[in-house]
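Have a look at the structure below, then the notes.
Residue numbers (the numbering used here), protein chains in the order written: chain A, 181 to 447; chain B, 25 to 131.
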């Protein structure tokens, strides 16, 4: 009997390097349909690298990545392009085209990938702007928006095609507390109403605890733990407790390696 | 997605079945606009609808506005589950007339 997998993301044994430097060490990461998964970890823990691998923007050293049953490491361009239409990505800074208005940016995927009537496209764009509390900003240029508005405009564009899978890099970074909470609510609503699977990369604890079904904690390119919010909170792992309690890490100094790093290339 | 169209009292009733998405919402749009063009008010029956995406919702918004501008009505029947949540997410449940069953429609 074949078992039916519900996993929309399956990452196995992922190893990744930037040049000589190893970023990800045998990362296993799977997400079920309709789940909100938060990837947490300090700066440099490899969370953005993992995200970029799942978007097929980087090539790993080894390992496998399947998104919605498609092996993205062996898929051809056509298959990847079809997959990307089912995925939405909201990048940290919004990543809008500066030469287009906010509205033009948001409707771009619809213009490219669908043959919907212009009236339908206009209303869809305005619905998303309303949803992001950006009603009336349609005709402004991205340079006229604040950081928080850019982020919401980027999210509006990411969900314009009603993706099955949404990736969201640092949703609340740089937002005021009220806007950050609103964005968390919105993420929950998007999942419930659209049945989206959502992967959020963040280091904001409060936000992670509020929205996550499960949290994956990365540390130095390794998965320390994947668990529910309660499991993470109760973990006895020191690295997780340090992250939760905002304690600075207390790295053991390897004198030999340290001096080698400082004097690399010298006699 | 499939649809059927019947007459109920003096309304045209459009029953949507299955999923309305980017690929088939233009069909729904064509149908709705044709009904309204004929001067008929419309009942959009959601009772067999399992999913509607934003292109479907946008289509309803456009049709609702056309109806309003022509002194006609567009009423949604029996929205539940995911389609109801999408209407709530976009606050359109406060805009469209919505009734829970066909029995609530009077002459």
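For every residue, glycine included, the Cβ atom is placed at its ideal position computed from N, Cα and C.
Check: DSSP three-state call for residue 348/A: helix, strand or coil?; Outcome: strand
Check: Please confirm whether residue 313/A has its beta-carbon closer than 7 Å to some beta-carbon of chain B.; Outcome: no
Check: Of all the CB atoms in chain A, is at least one closer than 7 Å to the CB of residue 77/B?; Outcome: yes
Check: For residue 314/A, which of 299/A, 333/A, 298/A and 321/A has the nearest alpha-carbon?; Outcome: 333/A
Check: Let's test the definition: count the other Cβ atoms within 10 Å of the Cβ of residue 201/A and tell me whether it reaches 16, buried, or not, exposed.; Outcome: exposed
Check: Taking 7 Å as the threshold (C-beta atoms), are residue 39/B and residue 77/B in contact?; Outcome: no
Check: Quick check on residue 369/A - is its C-beta less than 7 Å from some C-beta in chain B?; Outcome: yes
Check: Counting only beta-carbon atoms, is residue 376/A nearer than 7 Å to chain B?; Outcome: no
Check: Check whether the stretch 217-224 of chain A touches the stretch 269-276 of chain A, taking contact to mean three or more Cβ pairs, one atom from each stretch, closer than 8 Å.; Outcome: no
Check: Leaving aside the five residues before and after residue 124/B along the sequence, list all residues of the same chain whose C-beta is less than 7 Å from its C-beta, in chain order.; Outcome: 102
Check: So, for residue 117/B: in the same chain, excluding its five sequence neighbours on each side, which residues have a beta-carbon less than 8 Å away from its beta-carbon?; Outcome: 103, 108 and 111
Check: Bridge partners of residue 30/B, per DSSP?; Outcome: 37/B
Check: Between the stretch 240-251 of chain A and the stretch 406-421 of chain A, do at least 3 Cβ pairs fall closer than 8 Å?; Outcome: no
Check: My assumption, with CB atoms under 8 Å, is that residue 420/A sits in contact with residue 405/A. Please give the rounded CB distance.; Outcome: 6 Å
Check: According to a CB-to-CB cut-off of less than 8 Å, which residues of the stretch 81-95 of chain B neighbour chain A?; Outcome: 81, 82, 83, 85 and 86
Check: Among the candidates 205/A, 427/A, 195/A and 318/A, whose CA atom is the shortest distance from the CA of residue 281/A?; Outcome: 318/A
Check: Mark residue 80/B as exposed unless 16 or more other C-beta atoms lie within 10 angstroms of its C-beta, in which case mark it buried.; Outcome: buried
Check: Since residue 269/A and residue 389/A are thought to touch, with beta carbons under 8 Å apart, how far apart are those beta carbons, to the nearest angstrom?; Outcome: Going by Cβ atoms, the distance from residue 269/A to residue 389/A rounds to 23 Å, so no, they are not a contact pair.
Check: Smallest Cα separation from residue 83/B: which of 96/B, 45/B and 94/B?; Outcome: 45/B
Check: Rounded to the nearest angstrom, what separates residue 301/A and residue 57/B at their Cα positions?; Outcome: 16 Å
Check: In whole angstroms, what is the alpha-carbon distance linking residue 37/B and residue 61/B?; Outcome: 15 Å
Check: Can you tell me where the alpha helix (DSSP H) holding residue 63/B begins and where it ends?; Outcome: Here residue 63/B belongs to no alpha helix (DSSP H), and DSSP marks it neither H nor E.
Check: Do residue 363/A and residue 114/B have their C-beta atoms closer together than 7 Å?; Outcome: no
Check: Below 8 Å CB to CB, which residues in the same chain sit around residue 88/B once its five sequence neighbours on both sides are set aside?; Outcome: 98, 119 and 120
Check: Please confirm if the stretch 193-200 of chain A is in contact with the stretch 376-385 of chain A, defined as three or more CB-CB distances below 8 Å between the two stretches.; Outcome: no
Check: Just checking my contact of residue 209/A with residue 195/A at CB under 8 Å: how many whole Å lie between their CB atoms?; Outcome: Actually they do not touch by this definition, with Cβ atoms about 13 Å apart.
Check: Do you know how far the Cα of residue 26/B is from the Cα of residue 227/A?; Outcome: 43 Å
Check: When DSSP labels each residue in this structure, what does residue 117/B get in the three-state scheme?; Outcome: helix
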